[in-house]
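> Sharing a structure with you now.
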């Protein structure tokens, strides 16, 4: 039955050949290769929960009188966007769970992209021939951050409205074209004519996700075409891939992983409150709350804005607000240009133009590892700087002292990190047997009371072993019996 | 598959996550999510705690200094003598025997009983250490002692300053209080009332433990860095609306959706999202992937 229907489809579409290649795609088994999947499956969760939210959310700044489940808001005039967002939390069944899952999922999505990117960076997986895929990935990170900000703004609550106000000022700070750009996006001077919420909605649910989906397809297509990288190890060379085939081993794993990602997201959504917009009230341009921060992935922009001294250039009838332009436009521009250009910066520096399918151990490339650690530390420090007020309040220190600490620490500590990391990597490279699995010692006590240690017997992974190349079978049921019961590891030529 | 040696890093990560949750989860007082939609009258008539004896001797009727609210507590003459004794013991070394101030502390005459009540009942006075801003701490005096001190200071300049208000929130309007709070208070105290650090070592304190009386006294007297809101800024009705909102919504928020993570917004959320969310999923990777 299945056989004949598949044959029917194959006769017309010729899927067997491509399907065969896909099902036999080999995935390396190392755990760090699954980090990108967290992002992939978070994106799936985001799409699913997002569709649910869009059924109830109305992207309109039109003012209505609130009549819903949240009593302190009863009878007040609020925007439709805010009313329906609060309604999602109070009146729609499981709406709050879905809204919180959507928000947590966004946090996890961008967090896992950062972790995945760090893995790719530190192991040198971006080198030739995979520079394209690195660029595609960085673009998705950028789009993810943008879409996170857009989505955060949609409820039209006091906290997110403050974020839109800051975004408008950042756009305005661009010399010459800034005010035109701002007027173009907002349809006039801030806050526009109630037009920004529908526009953000369109961008958030259609345009940016469509771009991400397209880039995601390119990301995975390139992955299949170029095949995975792999760590050095037994039987692994530049010309082969060692791992589990897509079907059945990896498919089972990855499907399970989809469920695990969904489960963790919904556990957080069920137990941890995120963004309780009903407590914030709706956004009015003349109102403000103190202690407003953006989500963590925007925090690094907020951090640079906070620690920047108030410098301003005035001349020839124009004002250039350097205190906004430098930290919020120039600085992220430089950072993302470094991200995009890193494969080329590195190959120019190392003059390494060879193909690389085997990954580096981070410690074998001290300078790259140091640069990566420096960037991570810089990001962490300015992220921490975005919570100056929270720190000052929590630890009962003067806010000004915290500010000055970060003004000095943000440029200084990453540089120290670089040199410390390089030194650690170099020292590790010189040490004997480091990173190898340690053989346990068994301590014996003789009859006369003398102690002696004897190394334990070698375990299977300790010795040197060569893998035999196993051709991929034409049909799954033709796998040799000894392989079928084995761990499912195969090796194919590139 | 889950071997013993992975249990240690797993347990470590989990404990970091749990610690984060505990550190940012709301206190027991906040976690109490019974949400009064209208303010209960039990707290509405707060200013007279039952344990104090002078309740019977004071007559809560409208009294001399007008212009501070609808009704105020009249402090009886009998309060002045014990109040002076308490003042001499705890306050006079800085504020002077006659509450007229010294080089170390300001003149209190003419500030009124309500101002004194605020500073003493919130524990800010007597001062523990001279700093940018007086620290809030458990009050050293009970209700009747506090009112006795207030009566003594009031007696130095009768008829001036702010009296101790009688707060009745039963008729207050929560919705109006909410808008007024957002407009006038949230810019420093934050929209959730959690408070935050201001410049130069000053801070806007958390409102989660303030009583309605203290809220009104603070609005009218403007303690420390806080601006003073006169009746031209906020009418007595509006002040009561704000107190009702702080008491009914800020102090008892509708905290649905799980642990509140401290009500400090995206910093705590990002912390939990990265450590617990991404952290747990990385452990899952570690579990189902190969580790050599």
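Residue numbers (our numbering), protein chains in the order written: chain A, 1 to 494; chain B, 1 to 292.
All residues carry an ideal CB built from backbone N, CA and C; glycine is no exception.
Taking residue 86 (chain A) as part of the alpha helix (DSSP H), name the residues at either end of that continuous run.
The count along the first chain starts at 1 and reaches residue 86 (chain A) at position 86. Its alpha helix (DSSP H) spans residues 80 to 90.
> Excluding the five sequence neighbours on either side, which residues of its own chain have a C-beta within less than 8 angstroms of the C-beta of residue 90 (chain A), listed in chain order?
One-based indexing of the first chain puts residue 90 (chain A) at position 90. Contacts found: 68, 69, 70, 96 and 278.
> Could you name the residues of chain A that residue 261 (chain B) contacts, counting a contact when the two beta carbons are closer than 7 angstroms?
If you number the second chain from 1, residue 261 (chain B) lands on position 261. Per Cβ cutoff of 7 angstroms: 272 and 273.
> Rounded to the nearest angstrom, what separates residue 161 (chain A) and residue 424 (chain A) at their Cα positions?
Residue numbering aside, residue 161 (chain A) sits at position 161 when the first chain is read from its first letter. Residue numbering aside, residue 424 (chain A) sits at position 424 when the first chain is read from its first letter. Approximately 45 angstroms between the Cα atoms of the pair.
> Would you verify that the beta carbon of residue 38 (chain A) is, or is not, closer than 9 angstroms to some beta carbon of chain B?
Position 38 of the first chain, counting from 1, holds the residue named residue 38 (chain A). Taking Cβ atoms only, chain B reaches closer than 9 angstroms to residue 38 (chain A), which makes this a yes.
> Quick check: what's the CA-CA separation for residue 163 (chain A) versus residue 94 (chain B)?
Position 163 of the first chain holds residue 163 (chain A). Position 94 of the second chain holds residue 94 (chain B). Using only the alpha carbons, I get a separation of about 47 angstroms.
> Taking Cβ-Cβ distances below 7 angstroms as the criterion, which residues of the region 100 to 130 of chain B are in contact with chain A?
none
> Residue 185 (chain A) and residue 199 (chain A): beta carbons closer than 9 angstroms?
The sequence position of residue 185 (chain A) within the first chain is 185, counting from 1. The sequence position of residue 199 (chain A) within the first chain is 199, counting from 1. For residue 185 (chain A) and residue 199 (chain A), yes; Cβs fall inside 9 angstroms.
> If the cut is a Cβ gap below 8 angstroms, which residues of chain A does residue 200 (chain B) touch?
For the purposes of this step, residue 200 (chain B) is identified with residue 200 of the second chain, where counting begins at 1. Chain A residues near residue 200 (chain B): 398, 399 and 400.
> Using a Cβ cut-off of 8 angstroms, pull out every chain B residue sitting near residue 33 (chain A), in sequence order please.
For the purposes of this step, residue 33 (chain A) is identified with residue 33 of the first chain, where counting begins at 1. Those are 289, listed as they occur along chain B.
> Should residue 120 (chain B) and residue 150 (chain B) be called a contact, given that it needs their Cβ atoms to be closer than 9 angstroms?
One-based indexing of the second chain puts residue 120 (chain B) at position 120. One-based indexing of the second chain puts residue 150 (chain B) at position 150. Taking 9 angstroms as the Cβ cut-off, residue 120 (chain B) and residue 150 (chain B) qualify as a contacting pair.
> For a contact defined as C-beta to C-beta under 7 angstroms, what are the partners of residue 281 (chain A) on chain B?
Sequence index remark: in the first chain, residue 281 (chain A) carries index 281 (1-based). Going along chain B in sequence order, the residues near residue 281 (chain A) (Cβ under 7 angstroms) are 178, 182 and 191.
> Could you give the distance in angstroms between the alpha-carbon of residue 234 (chain B) and the alpha-carbon of residue 175 (chain B)?
Taking the second chain and counting its residues from 1, the one referred to as residue 234 (chain B) is at position 234. Taking the second chain and counting its residues from 1, the one referred to as residue 175 (chain B) is at position 175. For residue 234 (chain B) and residue 175 (chain B), the distance between alpha carbons rounds to 15 angstroms.
> Taking a contact to mean a Cβ-Cβ separation below 9 angstroms, would you say residue 135 (chain A) touches residue 332 (chain A) in this structure?
As a first step, residue 135 (chain A) is located in the first chain; it is residue number 135 there, counting from the start. As a first step, residue 332 (chain A) is located in the first chain; it is residue number 332 there, counting from the start. Taking 9 angstroms as the Cβ cut-off, residue 135 (chain A) and residue 332 (chain A) do not qualify as a contacting pair.
> Assuming contact is defined by CB atoms lying nearer than 9 angstroms, are residue 137 (chain A) and residue 368 (chain A) in contact in what I supplied?
Against the first chain, residue 137 (chain A) aligns to sequence position 137. Against the first chain, residue 368 (chain A) aligns to sequence position 368. Contact flag unset, no.
> Are there three or more Cβ pairs, one per stretch, closer than 8 angstroms when the region 266 to 274 of chain B is compared with the region 285 to 298 of chain A?
yes
> Answer with yes or no whether the minimum CB distance from residue 392 (chain A) to chain B is below 9 angstroms.
Here residue 392 (chain A) refers to the residue found at position 392 when the first chain is read from its first residue. Judged by the 9 angstroms Cβ criterion, residue 392 (chain A) is in contact with chain B.
> For the alpha helix (DSSP H) holding residue 219 (chain A), just list the boundary residues, first then last.
Counting from 1 along the first chain, the entry for residue 219 (chain A) is found at position 219. Segment 208 to 226, the alpha helix (DSSP H) holding residue 219 (chain A).
> In chain B, which residues lie less than 8 angstroms from residue 159 (chain A) when you measure between Cβ atoms?
Within the first chain, numbered from 1, the residue matching residue 159 (chain A) stands at position 159. Under the 8 angstroms cutoff, chain B gives 191 and 265.
> With three or more beta-carbon pairs closer than 8 angstroms as the criterion, would you say the region 76 to 88 of chain B touches the region 129 to 139 of chain B?
no
> In whole angstroms, what separates the C-alpha of residue 441 (chain A) from that of residue 454 (chain A)?
Residue numbering aside, residue 441 (chain A) sits at position 441 when the first chain is read from its first letter. Residue numbering aside, residue 454 (chain A) sits at position 454 when the first chain is read from its first letter. Cα to Cα, the separation comes out at about 5 angstroms.
> Please tell me whether residue 253 (chain A) has its Cβ less than 9 angstroms away from any Cβ of chain B.
Counted from its first residue, the first chain places residue 253 (chain A) at position 253. Closer than 9 angstroms to some Cβ of chain B, the Cβ of residue 253 (chain A) qualifies, so yes.
> Using a cut-off of 7 angstroms between C-beta atoms, extract the partners of residue 355 (chain A) located in chain B.
Position 355 of the first chain holds residue 355 (chain A). Those within 7 angstroms of residue 355 (chain A) in chain B number zero; the least Cβ separation is about 25 angstroms.
> Is residue 2 (chain A) close to chain B? Criterion is C-beta to C-beta, closer than 9 angstroms.
Counting from one through the first chain, the residue named residue 2 (chain A) turns up at place 2. Answer no: the Cβ-Cβ gap between residue 2 (chain A) and chain B never drops below 9 angstroms.
> Under 9 angstroms, Cβ to Cβ, is there at least one residue of chain A near residue 253 (chain B)?
Residue 253 (chain B) sits at position 253 when you count from the first residue of the second chain. Taking Cβ atoms only, chain A reaches closer than 9 angstroms to residue 253 (chain B), which makes this a yes.
> Since residue 247 (chain A) is in the beta strand (DSSP E), which residue starts that stretch and which ends it?
Within the first chain, residue 247 (chain A) is the residue found at index 247, counting from 1. That residue, residue 247 (chain A), is in no beta strand (DSSP E); it is neither H nor E in DSSP.
> Flag residue 542 (chain A) as yes if its beta-carbon sits less than 9 angstroms from any beta-carbon of chain B, otherwise no.
Beyond the ends of chain A as shown, which are 1 and 494, falls residue 542 (chain A); an answer cannot be given.
> Return helix, strand or coil for residue 203 (chain B), following the three-state DSSP convention.
As a working note, residue 203 (chain B) is residue 203 in the second chain. Note: residue 203 (chain B) maps to strand in three-state DSSP.
> Residue 376 (chain A) touches chain B at which residues, Cβ-Cβ below 9 angstroms?
As a first step, residue 376 (chain A) must be located in the first chain, where it is residue number 376. Going along chain B, no residue has its Cβ under 9 angstroms from residue 376 (chain A), so there is no contact; the nearest lies around 13 angstroms.
> Please report whether the beta-carbon of residue 96 (chain A) lies at a distance below 9 angstroms from any beta-carbon of chain B.
Mapped onto the first chain, residue 96 (chain A) falls at position 96. Yes, residue 96 (chain A) counts as interfacial toward chain B.
> For chain B, find out if any of its Cβ atoms is closer than 9 angstroms to the Cβ of residue 115 (chain A); answer yes or no.
In the first chain, counting from the first residue as 1, residue 115 (chain A) sits at position 115. Yes, its Cβ sits closer than 9 angstroms to a Cβ of chain B.
> Against chain A, which members of the region 268 to 280 of chain B pass a CB distance test of less than 7 angstroms?
269, 270, 272, 273, 274, 276, 277, 278 and 280
> Might you give, ordered along the chain, the residues of its own chain that have their beta carbon closer than 7 angstroms to the beta carbon of residue 2 (chain A), omitting 5 neighbours on each side?
The residue given as residue 2 (chain A) occupies position 2 in the first chain. A distance below 7 angstroms between beta-carbons, with the five flanking residues on each side excluded, links residue 2 (chain A) to no residue of its chain.
> Pairing CB atoms from the region 241 to 260 of chain A with CB atoms from the region 95 to 109 of chain A, are three or more of them under 8 angstroms?
Contact between the region 241 to 260 of chain A and the region 95 to 109 of chain A is absent: fewer than three C-beta pairs spanning the two stretches fall below 8 angstroms.
> Figure out for me which residue from B:115, B:88, B:89 and B:104 has the closest Cα to the Cα of residue 72 (chain B).
Mapped onto the second chain, residue 72 (chain B) falls at position 72. Of the residues B:115, B:88, B:89 and B:104, the one whose Cα lies closest to the Cα of residue 72 (chain B) is B:115.
> Can you pull the chain A residues whose beta carbon is under 8 angstroms from the beta carbon of residue 246 (chain B), in chain order?
Start at 1 with the first residue of the second chain, and residue 246 (chain B) comes out as number 246. By Cβ distance, chain A contributes nothing, its closest Cβ being about 12 angstroms from residue 246 (chain B), past 8 angstroms.
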